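Read left to right, the sequence shown gives residues 3 to 1240 (the working numbering). All residues carry an ideal CB built from backbone N, CA and C; glycine is no exception. Note that the structure is a prediction, hence the values are computed from the model and not measured. First the structure, in the form of structure tokens, and then the observations on it.
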Amino acid sequence: MDCEEAELKSDFFLREIPNVKISQERKKEVPKSNVKEEIKVLHLSDNSQQMIMETLRFIHGPDYSLDDISKYKDEDLKFTNKFLQHNNLVVKGGFYNTNNDSDSEHEKLRMFALLKLESYGFHKSHCAEALDYTSGDLESALYLLYTKYMSISQPHTSKFSESELIEQRRDEKSVLESIYESAFTEKIVNAVWTIKLNLNYLVTKFHPKRHLNQSHSGSQRRKDLCRNFASGHCKFGTKCKYFHKVQEEPRNPHLDDYTFELEIRFGTESRYPYEPPLLFLKTNFLLPELMNLHICKRLAEEAHDLAQNGIPSIYSIVELLKNEDVMTEYINTSKISFLLPAEKLFPTSDIKERVVTDKYYKKGSTNSDNKKQSSHAEILSEDTKIFNRFLTKMNDSSYQRMAEVRKKLPAWNLRKEIVNTVQSSPVTVISGETGCGKSTQVPQFLLDDWLDNYKSNKTHIEIICTQPRRISAIGVAERVADERAERIGNTVGYQIRLESKISSSTRLTFCTTGVLLRRLESDPELSTVSHIIVDEVHERSEDSDFLLLILRDLLKIRTDLKVILMSATLKSTLFSNYFGSVPVLEIPGRTFPVEQFFLEDILETTGFILEENTQYTRKMKTGYQLGDELEEQLELCAVSQCPTPKDEIKDEKLTITQMLVRYKEYSVKTVKNLFLMDCEKINLDLIEAILLWIVSGDHEYPREGSILVFLPGIAEITSLFDQLCDHSEFSPRRGKYILLPLHSSLTSDEQAAIFKKPKPGVRKIVLSTNLAETSVTIDDCVFVIDSGKMKEKRFDSNRNMESLDTVWVTKANALQRKGRAGRVMPGVCIHLFTGHRFKHNIPSQPIAEIHRIPLEQLLLHIKILPNFAGRSLHDVLDSTIEPPVKENIDSSIVRLQDVGAFDIDNNLTPLGQHLATLPVDVRIGKLMLYGAIFSCVDAALTMAAALSYKSPFTSPFGKKEQAMAKKKEFSVANSDHLTVLRAYKKWQDVNSKSYIGGKNFANENYLSVRTLEMLADIKYQLLELLVSIGFVSINLRAHRHRTGYDEIFKITGLEFNKNGDNIRLLMSILCTALYPNIVKVLTPQTVFFRSAAGAVPVEREAKELRFKTKKEEVFLHPSSVNFTVTNFHSPYLVYQEKVRTSRIFIRDCSMVPVLPLVLFSGSDVNISVNGGTTYIVLSDGWIRFHVEKHQIAEMIKAIRTELLSLLEEKIRDPLLNLVHSERGERIINTIVQIATCD
């Protein structure tokens, strides 16, 4: 054999021989979709247990003890197979093996001693401590444990000698032997006696089934059993007169042979009977934990009382133990109270000198506190200055030029009539089509009239004009300021959230409706306001409807107040009647006509052909062919014989024949398109074809002017934007068209591009949501393409779920969109729905927002406004213009009770008082308050700002995967909220050093710089709110906020941020803020597949997990960092909102560890016992945790009660310093310890 051959053979035999049969069996078994809920086991470390007990005993006294398991009735529930129970491995200890003989012998002796001590019922940790304390002396350790557990003081010493005492003991022994005979045994002379007893009442009490088995075993007669059935077959079947039951095997009598033995021990220097003996109850019957020692404690008390008089006590003790009535009553009424395993026999308290702090913080101050209220004389003096500046401005050329522009508006012709009507009536309704100038001119008419008559009537005027949106308030204010040839913030200003441009000279303020509602809280009569204009009242927002209710009541007090309601629709009579038949003025629109095309018209005009089997064709019945068969139907259908379908039947419900009848004036091709088209989808190809027809088609309409396309939402805008960018005609590379998206997520600067005039020969194509219906006016718009759809927020009170639904526009919306065209020349409006749908199938007006959104914030407003003091919530809301249904009100009340804002009588709690003051969602407000209480202000405000505004993470079209990968780099603790916090902090660190660096960091990580800067501004405003209500005691006057810069941590200092990096604590306050928005993670059972190496678990996929709220199954939103997670350490998530789009999704979710969920949830915590096992139960049993030991459940419940009490004190008195007292400091430190370390 040569070397090469030897090497080959060696390789062959060393190579592992494959087992073909095994490899063929190695198939991955497809797991069934069988998910189960995992019941987690709650653990507390020994340190935490000791800390809790020290805190509770400090509060309630050294004798404080926990309830034992015997106080609870066993529910005896049968858990179904939907639960995965106790799937938690806890390593409680270990064993170290050594070959050292001496060490081994010593360890064996120690182990024997420990087992001996544990056999008496003492905790293992205490047994070890006692042995160490007594240097391994077993007898001394047992005596030490007994005295520590029983806590009985020793009686006075006797005058008898030791020999005399022993003689007395022998006499008593003789008596006991004669009484108990063989049951009495002296195991160690003069040291250990035992007496065997029959204590069946203990068996009956703790295991009644076992007792019944003993009592009734063998009572069934054998003749009642069918012998034929027992042998295998009975021909009589069910008609047999004997029992068809297999005879049970006879029970082993040893299994039910329970023994009870009382052990009496006398120490080496025992002074019995003047000193009580050590008493132990030993048994092979399974008693509840510590019950044997609990019974012995009663016996020890009896022995102690007898020893005080030197009376021998053994007989009395035995008879007491045999007395069923007395002992059962003792067991039922007394509490097991012994040292807990985590407590030390000899506690060593670290004495630390506490820092003495003030009981109360000093009230902080904000920059708004610097603003002093102007006196009446100062106001009149400023009025005079305004009038003088106005006289000077009258001769200004720019002012005169703008005046000429104003005179061209239709509203100008009704100037005097509007002013006179407002003066003569407390309420005036003004209706006018879009573009008539009512929003910009009516406020100026009132202001000009005051200035014109100021010499003769020097009264004060203050006009407030509310707008439904921030962009409207800013845009209208800036336009009015331009028309008056002045800078914004002088006579004309605006006030929105986070931004204010007003001064002492401002007499006309444009603001959002919410800003005026906040002003009403501090000034319920609006004492200085003379005119209130509610613009766009037809939109029926929740705030505007609520404001109308307030104004109607306020007019009864403020008879001099003037209210003007401005609507863009013809439904003005609704508002007029609400205020009692007040005058209605109508302003005509512009004179330029707008030609209207409906879907059938534009299909006929453009010749558009809908391709079959595309995403835009509707689904037909199975087997229905859209090709030749449809053509045959078109040829064969007898149109003349088919009756005209009813008007209320929608197009999509008609057959092709009925469609031809309804649209008989149109070509077959057009009708075919209408029949095939899926009316629920936005046909972007059709919009593209219409745009191409507008810019290059054969028509006589203008070849200039902007084109405005209305789409439902950002997704459709993005899709059409990208489609047009790739088009040969509309691509920006050609330079002929400017494509501009318009939606609420854009910044003010991005929205400003809409109003800029393009270069000659260039046309704007604006892709907008319904924002452009009323809030934004594009002056040079000529063409409007109306997709016929819009996004509308809905709320399902039964599911507690918000949804952003795509719905058909109303007639009012369609007319508003039509009015956007023809501003400067004749225009064209193209609706992508049929004329029949417009006339017969779509509603006239939108559903009032008060009927389709949650009412929590509105209910808090009602409670905090002085205007409604003494009135019930239902009574107030029944007075609105179109009251919400009672079920929606009731469900909102329940949700406010769940978060702790309302008590059971629907009154504001102290927490609710603060939440009502904060202009944010109640859950976000709760997050802010708890962030202040637990000293993590900066982190809590960052998360609150992101929740109230939006996430800074972006997802550019075509780069979603890259953006998601970057987002996951910031992921922490399976939490979207903490992921945002981490990304924000990283950006903040870089941005504080270099603005350019911060910008580059944001761009590299797909973060929006503008959103990050907005979050910084929102954080500062939220901090001002916390300071104003007393939860953060700092002086903000000394700090000037720079827009876009975050200095919150520096301003608030370490005291209010010492827990800002404690991830688990932050998760805890997220839980308390977002509860009861809880989701369970349902997990599939682990599946294994066979392999040569044995059973290998199949790796779980994220899509196998299921998520469920209390009422329904939900899905994680793909934008969540948890979307691809396959394993959650805790099966519970909290979420901000639940929305329905294609599915029911939860957004912005965070995993919550089980202990913080128990401690910080808003639910009552209950303890239940099932099958001898203790459970902590939340949310009426929907959430359940198995507890390792019953005492842990009692400890958690007790310390949580103390926490809630402390928080209630703080919320009732925000300036209270929680750590000024040792009680508050101990509770907070204990809670932080548990939430952080367990």
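Checklist entry - Of all the options Ile-297, Gly-312, Ser-336 and Pro-343, which has the alpha carbon lying nearest to the alpha carbon of Asn-325? => result If you number the sequence shown from 1, residue 325 lands on position 323. In terms of CA proximity to Asn-325, Ile-297 leads the group Ile-297, Gly-312, Ser-336 and Pro-343.
Next on the checklist: Relative to the C-alpha of Val-37, which candidate in Asp-1182, Leu-1084 and Val-1189 has its C-alpha closest?
Outcome noted: Start at 1 with the first residue of the sequence shown, and residue 37 comes out as number 35. Restricting attention to Asp-1182, Leu-1084 and Val-1189, the CA atom closest to the CA of Val-37 is found in Leu-1084.
Checklist entry - So what does Tyr-496 bridge to, in DSSP terms? => result On the sequence shown, position 494 is the one that residue 496 refers to. Paired residues: Lys-503 and Phe-512.
Checklist entry - When you compare each of Pro-868, Pro-885 and Asn-869 to His-876 by their alpha carbons, which one comes out closest? => result Residue 876 sits at position 874 when you count from the first residue of the sequence shown. When only C-alpha atoms are compared, the closest one is Pro-885.
Next on the checklist: Going by C-alpha to C-alpha distance, which of Arg-1039, Leu-146 and Pro-1086 sits closest to Thr-1054?
Outcome noted: For this step, residue 1054 is matched to residue 1052 along the sequence shown. Measuring from the Cα of Thr-1054, the nearest candidate turns out to be Arg-1039.
Next on the checklist: According to DSSP, Lys-795 sits in a beta bridge with which residue or residues?
Outcome noted: For the purposes of this step, residue 795 is taken as the residue at position 793 of the sequence shown. The partner list for Lys-795 (beta bridge, DSSP) reads Leu-806.
Next on the checklist: Quick check: the Cα distance between Thr-368 and Leu-1027, rounded to an integer number of angstroms?
Outcome noted: Translated into positions along the sequence shown, residue 368 becomes position 366. Translated into positions along the sequence shown, residue 1027 becomes position 1025. For Thr-368 and Leu-1027, the distance between alpha carbons rounds to 9 Å.
Next on the checklist: Going by DSSP in three states, Tyr-739 sits in which element: helix, strand or coil?
Outcome noted: As a first step, residue 739 must be located in the sequence shown, where it is residue number 737. Three-state result, Tyr-739: strand.
Item to check | In chain order, each alpha helix (DSSP H) run of at least 4 residues that lies wholly inside the stretch 306-359 | outcome: Listed in chain order, they are 316-324 and 326-335.
Next on the checklist: I need the DSSP call for Val-1127, collapsed to helix, strand or coil.
Outcome noted: Residue mapping note: residue 1127 aligns to position 1125 of the sequence shown, counting from 1. Here Val-1127 sits in coil by DSSP.
Checklist entry - What does a CB cutoff of less than 6 Å around Lys-364 pick up in its chain, not counting 5 residues either side in sequence? => result Your numbering for residue 364 matches position 362 in the sequence shown. Result list for Lys-364: Ser-1035, in chain order.
Checklist entry - From Gly-829, Tyr-665, Asp-728 and Leu-1118, pick the residue whose C-alpha is nearest to that of Arg-705; which is it? => result The count along the sequence shown starts at 1 and reaches residue 705 at position 703. Looking only at Gly-829, Tyr-665, Asp-728 and Leu-1118, the smallest Cα-Cα distance to Arg-705 is reached by Gly-829.
Checklist entry - Which of the three DSSP states, helix, strand or coil, is assigned to Ile-976? => result Looking up residue 976 in the sequence shown gives position 974. The displayed chain sequence assigns Asn, not Ile, to residue 976. Reduced to three states, the DSSP call for Asn-976 is coil.
Item to check | Closest residue to Ser-400 among Asn-1064, Gln-990 and Arg-489 (Cα-Cα distance) | outcome: In the sequence shown, residue 400 corresponds to position 398, counting from 1. For Ser-400, the nearest C-alpha among the options comes from Arg-489.
Item to check | Reduced DSSP category for Gln-469 - H, G, I as helix; E, B as strand; rest coil | outcome: Numbered from its first residue, the sequence shown carries residue 469 at position 467. Strand at Gln-469.
Next on the checklist: Considering only their Cβ atoms, is the gap separating Leu-1118 from Cys-1151 smaller than 8 Å?
Outcome noted: Numbered from its first residue, the sequence shown carries residue 1151 at position 1149. Numbered from its first residue, the sequence shown carries residue 1118 at position 1116. Yes, the pair counts as a contact, with Cβ atoms nearer than the cut-off.
Next on the checklist: Can you check which of these residues, Leu-1017, Ala-967 and Glu-523, is closest to Gln-990 by C-alpha distance?
Outcome noted: For the purposes of this step, residue 990 is taken as the residue at position 988 of the sequence shown. The residue with the shortest Cα to Cα distance from Gln-990 is Leu-1017.
Item to check | Collapsed DSSP secondary structure at Asp-76 in the structure displayed | outcome: Position 74 of the sequence shown, counted from the start, is the residue given in the question as residue 76. Reduced to three states, the DSSP call for Asp-76 is strand.
Next on the checklist: To the nearest angstrom, how far is the alpha carbon of Lys-970 from that of Gln-964?
Outcome noted: On the sequence shown, position 968 is the one that residue 970 refers to. On the sequence shown, position 962 is the one that residue 964 refers to. For the pair Lys-970 and Gln-964, the Cα-to-Cα distance works out to about 10 Å.
Checklist entry - So is Lys-23 buried or exposed if we call it buried at 16+ other beta carbons inside 10 Å? => result Numbered from 1 along the sequence shown, position 21 holds the residue referred to as residue 23. Note that Lys-23 scores a pLDDT of 42, beneath 50, so its modelled location is shaky; the value from the coordinates is reported in the next line. Exposed is the call here.
Checklist entry - Taking Ile-1148 as the reference, which of Pro-585, Lys-793, Val-1136 and Glu-321 has the closest Cα? => result The count along the sequence shown starts at 1 and reaches residue 1148 at position 1146. For Ile-1148, the nearest C-alpha among the options comes from Val-1136.
Checklist entry - Along the chain, which unbroken stretches of the beta strand (DSSP E) at least 3 residues long are found entirely within the stretch 134-218? => result Runs of the beta strand (DSSP E) inside the stretch 134-218: 186-190 and 194-199.
Next on the checklist: Mapping the DSSP letters down to three states, classify Phe-1051 as helix, strand or coil.
Outcome noted: Residue 1051 sits at position 1049 when you count from the first residue of the sequence shown. Correct three-state label for Phe-1051: helix.
Checklist entry - By how many angstroms is the C-alpha of Asn-311 removed from the C-alpha of Tyr-317? => result Within the sequence shown, residue 317 is the residue found at index 315, counting from 1. Within the sequence shown, residue 311 is the residue found at index 309, counting from 1. Using only the alpha carbons, I get a separation of about 16 Å.
Checklist entry - alpha helix (DSSP H) containing Gln-425: first to last residue? => result Indexing the sequence shown from 1 puts residue 425 at position 423. It spans 417-426 - the alpha helix (DSSP H) in which Gln-425 sits, taken as one unbroken run.
Checklist entry - Does the distance from the C-beta atom of Ala-823 to that of Val-878 stay below 8 Å? => result Here residue 823 is taken as the residue at index 821 of the sequence shown, counted from 1. Here residue 878 is taken as the residue at index 876 of the sequence shown, counted from 1. Contact: no.
Checklist entry - Taking just the CA atoms, how far does Asn-1219 sit from Leu-522? => result The sequence position of residue 522 within the sequence shown is 520, counting from 1. The sequence position of residue 1219 within the sequence shown is 1217, counting from 1. About 31 Å.
Checklist entry - Who are Ile-709's beta bridge partners in DSSP? => result Along the sequence shown, one-based indexing puts residue 709 at 707. Answer by DSSP bridge pairing, in chain order: Ile-767 and Phe-785.
Item to check | Cutoff 6 Å; reference Tyr-739; Cβ partners in own chain excluding five residues on either side | outcome: Reading the sequence shown from its first residue, position 737 is the one you call residue 739. If the five residues before and after Tyr-739 are omitted, its C-beta is found closer than 6 Å to the C-beta atoms of Phe-732, Arg-765 and Ile-767, all from its own chain and listed in chain order.
Item to check | Proximity below 8 Å, CB of Ser-950 to CB of Val-922 | outcome: In the sequence shown, counting from the first residue as 1, residue 950 sits at position 948. In the sequence shown, counting from the first residue as 1, residue 922 sits at position 920. Taking 8 Å as the cut-off, the beta carbon of Ser-950 is found closer than this to the beta carbon of Val-922.
Checklist entry - How many Å lie between His-256 and Phe-262 at the Cα? => result Start at 1 with the first residue of the sequence shown, and residue 256 comes out as number 254. Start at 1 with the first residue of the sequence shown, and residue 262 comes out as number 260. Reliability of the predicted coordinates at His-256 is poor, the pLDDT of 49 falling under 50, and no value is obtained from them.
Item to check | Start and end residues, beta strand (DSSP E) containing Glu-597 | outcome: As a working mapping, residue 597 is identified with position 595 in the sequence shown. Counting along the chain, the beta strand (DSSP E) containing Glu-597 begins and ends at 596-599.
Item to check | Residue ranges of each alpha helix (DSSP H) within the stretch 1146-1203, 4 or longer | outcome: Segments of the alpha helix (DSSP H) lying fully in the stretch 1146-1203: 1156-1162.
Item to check | Residues near Asn-200 by beta carbon distance below 6 Å, same chain, minus five either side | outcome: As a working mapping, residue 200 is identified with position 198 in the sequence shown. For Asn-200, there are no CB contacts under 6 Å within the same chain when 5 residues up- and downstream are skipped.
Checklist entry - Hey, Cys-831 and Asp-900 are a contact pair by Cβ (cut 8 Å); roughly how many whole angstroms apart? => result Here the question's residue 831 lines up with position 829 in the sequence shown. Here the question's residue 900 lines up with position 898 in the sequence shown. The pair is not a contact, with the Cβ atoms about 47 Å apart (cut-off 8 Å).
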